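What follows is a set of notes on a single structure, which appears directly below.
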Amino acid sequence: MAGWAISASGETVRPCKVKIEGTGSRALSRELLSVSETWSLRNRPPPTLRLLRRRAERDAQTMLLALRAKGYYAAEVKPACVPHKRKTRVTFRVRAGPLFLIRSVAIGCAGRPIPESVRLPTPARLGLTTNAPARAETILAAEQLVRHHFQAGGFPKARLSDHAVVVDHAARRVDISFQVEPGPLVLFGPTRIQGLVRLHESHVRRLVPWREGDLYNVEQVELLRNRLTRGGLFSSVQIESGKALEADDRSAVSLTLKERRRRLVEAGVGYATDRGAGTRISWMHRNLFGGAERLHLQAEVSESIVSAEVTFRRPQFLRADQELVLDVKAERETAEAYTSQWIRAAAGLERTLSESLQVQAGLAFRLSEVKQEEKEEFFLLSVPVRLLRDTSNDLLDPTRGTRWTLLGSPSYDLLNHDMAFLRVQATAAGYWRIAKRPLLVLAGRLAAGSLLGPSRNDVPADERFYAGGGGSIRGYAYQEVGPLDDENDPVGGRSLLESSLELRWRAMERMGFVLFADGGTAFEETVPDFDERFRWGAGAGWRYYLSFGLVRFDVAVPLDKRPDVDEPYQVYLSIGQAF
3 MAGWAISASG
13 ETVRPCKVKI
23 EGTGSRALSR
33 ELLSVSETWS
43 LRNRPPPTLR
53 LLRRRAERDA
63 QTMLLALRAK
73 GYYAAEVKPA
83 CVPHKRKTRV
93 TFRVRAGPLF
103 LIRSVAIGCA
113 GRPIPESVRL
123 PTPARLGLTT
133 NAPARAETIL
143 AAEQLVRHHF
153 QAGGFPKARL
163 SDHAVVVDHA
173 ARRVDISFQV
183 EPGPLVLFGP
193 TRIQGLVRLH
203 ESHVRRLVPW
213 REGDLYNVEQ
223 VELLRNRLTR
233 GGLFSSVQIE
243 SGKALEADDR
253 SAVSLTLKER
263 RRRLVEAGVG
273 YATDRGAGTR
283 ISWMHRNLFG
293 GAERLHLQAE
303 VSESIVSAEV
313 TFRRPQFLRA
323 DQELVLDVKA
333 ERETAEAYTS
343 QWIRAAAGLE
353 RTLSESLQVQ
363 AGLAFRLSEV
373 KQEEKEEFFL
383 LSVPVRLLRD
393 TSNDLLDPTR
403 GTRWTLLGSP
413 SYDLLNHDMA
423 FLRVQATAAG
433 YWRIAKRPLL
443 VLAGRLAAGS
453 LLGPSRNDVP
463 ADERFYAGGG
473 GSIRGYAYQE
483 VGPLDDENDP
493 VGGRSLLESS
503 LELRWRAMER
513 MGFVLFADGG
523 TAFEETVPDF
533 DERFRWGAGA
543 GWRYYLSFGL
553 VRFDVAVPLD
563 KRPDVDEPYQ
573 VYLSIGQAF
């Protein structure tokens, strides 16, 4: 409760109205208020005006430090406290002054030459570009990066013995220097593995990216950690290295691993106005033969789709960063656009090129029966190639990073030897956290596709492009944005453009809300015709966060409603974010 205090002398100190003047920036003013005790305790003033002035003077010094941390080394802050009838007015008059810039960056090695094994980054890679603002957070981040480069060059015990920031007030420039105490040069020693129960030790050893006797590199240790955690085999991964040295300046690496349960059962339900209710159940074995082989069985049943799929994955196939993937899937789909039933068998390789980059290539056979205007049979031989780049921080609910997917799949019909086509599709999604408390995330998605080859009607109806639905343009029914026939049934297109924008607000630990807009369409030709009308949908959603993911409930309306085609609204219920 807001209150006021009366001192022994009768002086009244009322709750404070705190104001920042002179910054010329609302963002900077908010930052200065965030470090102010006078602001945070504005409804609980001290008992006397004298004590309030002392508090404000302390805040002025704290604000000076905050301004210097942002590169304003000549800043001034003057507080003033004025009693008033309703509230005591506290004003901080700020003169930020000029922004000081970086003039030079120097790195030393405790009075000796920098070792050849250490590849120091350029000042630009450190974020300390000449004439860039001399901000404290950038300098501290560069300090950690310098230390990291020594640790990646054989010196795991490297530490910064000193760093100096010399301010030239006359020139308004800053000179920065780092002094590193590297410690001893260390080599990788033996790798010791503990905690394995059913997984073969040879599988773990093939993941180790170094050999005994190699120069110690902290980046290789982190690469091993990522490899061990990526597959989901272990509930706990502990790596101890670079501390105790053995003979010949070698450091043993100790891995303590705890295996997860081998078998996993998952189930989910969903609902959409256009497709009805559905359920999905899956079973997975994480370590089938002791070499981290995975067998995954999945079935889906809904009002429009019935499917079953079996997938087998063998890691470290021919090389440590490559997986063999065998897959068989059968599906029957009944949609407004077509009715199809098919079975597909595929074999492929997935190679991890880096922590965020993966390439997939394979061979697939697909036997299908598709009915649109008439029933047709196809036996497609395809060579799908996919490139994926994922820098997002979470699989189900990312708050930063990007995801890029490029898929190209040439197909040849073994039943109709004169029919071949190339299907290309690209998708990009980005996630930007714009506020931390409460968590506010802006998410966007773009998708484009094209079918090259024969005319639209010669391509199987279930291989064409469609837009609309919960994973596409919300507010419109599944597949119903794009070319329609005389009865307003979708016939599909040879190209596609889609876009989505979401504002995600996690209001509470378990609950969040979303505002979104989706737009796009499918086109008749292989190249989008921008004279054709984009269809836009918009809506709002509710999110409920669970330990394993989140529940999504969205309601969307079509902004370009077509008579006798579109419903007034669409409802979607599923697991995970829309993208």
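If you want the working numbering, it's the 1-based position in the sequence shown plus 2.
Built from N, CA and C at the ideal position, the CB exists for glycine as well.
Given the structure is predicted, the values throughout are model-derived calculations rather than measurements.
Check, Outcome
"PRO570 vs GLU526 beta-carbon contact at 8 Å", "no"
"Every unbroken beta strand (DSSP E) within the segment 90 to 131, with a cutoff of 3 residues, ordered by chain", "90 to 97 and 103 to 110"
"Where the beta strand (DSSP E) containing LEU162 begins and where it ends", "161 to 170"
"ALA524 versus ARG508, PRO492, ALA509 and ILE577, residue with shortest Cα-Cα distance", "PRO492"
"Three-state class that DSSP yields for PHE152 in the structure shown", "helix"
"Candidates SER474, ALA274 and LEU162: closest to GLN181 by CA position", "LEU162"
"Residue range of the alpha helix (DSSP H) that includes THR589", "Given that the chain is displayed from residue 3 to residue 581, the structure contains no residue 589 and the question cannot be resolved."
"Spatial distance of HIS86 from VAL15 (CA atoms)", "9 Å"
"Candidates LEU416, ASP460, LEU383 and ARG545, of which the one nearest LEU575 by Cα", "ARG545"
"Cα-Cα separation between LEU424 and GLU338, rounded to whole angstroms", "25 Å"
"Same chain, Cβ closer than 6 Å to SER256, neighbours up to 5 away in sequence not counted", "ARG194 and GLU242"
"C-beta atoms of SER309 and ALA332 nearer than 8 Å", "yes"
"Three-state class that DSSP yields for LEU561 in the structure shown", "coil"
"Selected residue, minimal CA-CA separation from ARG208, among ALA143, ARG391, ASP323 and ALA136", "ASP323"
"Under the three-state DSSP convention, the category THR64 falls into", "helix"
"Whether ASP61 touches SER31 by CB criterion (8 Å)", "no"
"Of the residues GLU183, THR140, VAL176 and ALA126, the one placed nearest GLN153, counting alpha carbons only", "GLU183"
"Same chain only: Cβ atoms within 6 Å of SER238, ignoring 5 sequence neighbours per side", "LYS260"
"Bridge partners - PRO135, DSSP secondary structure assignment", "LEU103"
"When ASN395, VAL169, GLY539 and ARG368 are compared against GLU465, the one with the closest alpha-carbon", "ARG368"
"Backbone secondary structure at VAL22 - three-state DSSP", "As written in the sequence, residue 22 is Ile, which differs from the Val given in the question. It is a strand residue."
"Complete runs of the beta strand (DSSP E) confined to the segment 223 to 285 [at least 3 residues]", "236 to 242, 252 to 261 and 265 to 274"
"Beta-carbon spacing of ALA134, ILE104 below 8 Å", "yes"
"Among ASP399, ASP420 and HIS419, nearest to GLY432 - alpha-carbon criterion", "ASP399"
"Own chain residues within Cβ distance below 6 Å of PHE519, not counting five before or after", "Reading off the sequence, residue 519 comes out as Ala, not Phe. Contacts found: LEU503 and ALA540."
"Same chain, Cβ closer than 7 Å to ALA558, neighbours up to 5 away in sequence not counted", "ARG476, GLY477, GLY539, ALA540, GLY541, TYR571 and GLN572"
"beta-carbon LEU326 near the ligand MN non-hydrogen atom, thresh 7 Å", "In the structure shown, the ligand MN is absent, as is every other ligand, since no ligand is present at all."
"Per-residue burial, ARG321 [other beta carbons within 10 Å of its own, 16 or more giving buried]", "exposed"
"Rounded straight-line distance, which links the Cα of GLY73 to that of ARG604", "The first residue shown for the chain is 3 and the last is 581, placing residue 604 beyond what the model contains."
"Candidates VAL92, LYS21 and ALA71, of which the one nearest ARG56 by Cα", "VAL92"
"THR528, DSSP secondary structure in three states", "coil"
"Supposed contact pair GLY472 and ALA274 - C-beta distance, whole angstroms, cut 8 Å", "5 Å"
"TRP434 classed as buried or exposed, judged by whether at least 16 other C-beta atoms fall within 10 angstroms", "exposed"
"Opposing strand residues paired with TRP344 [DSSP bridges]", "GLU333 and SER370"
"Assigned secondary structure, ALA479 (DSSP; H/G/I helix, E/B strand, else coil)", "coil"
"Alpha carbon of ARG388 to alpha carbon of THR354, nearest angstrom", "12 Å"
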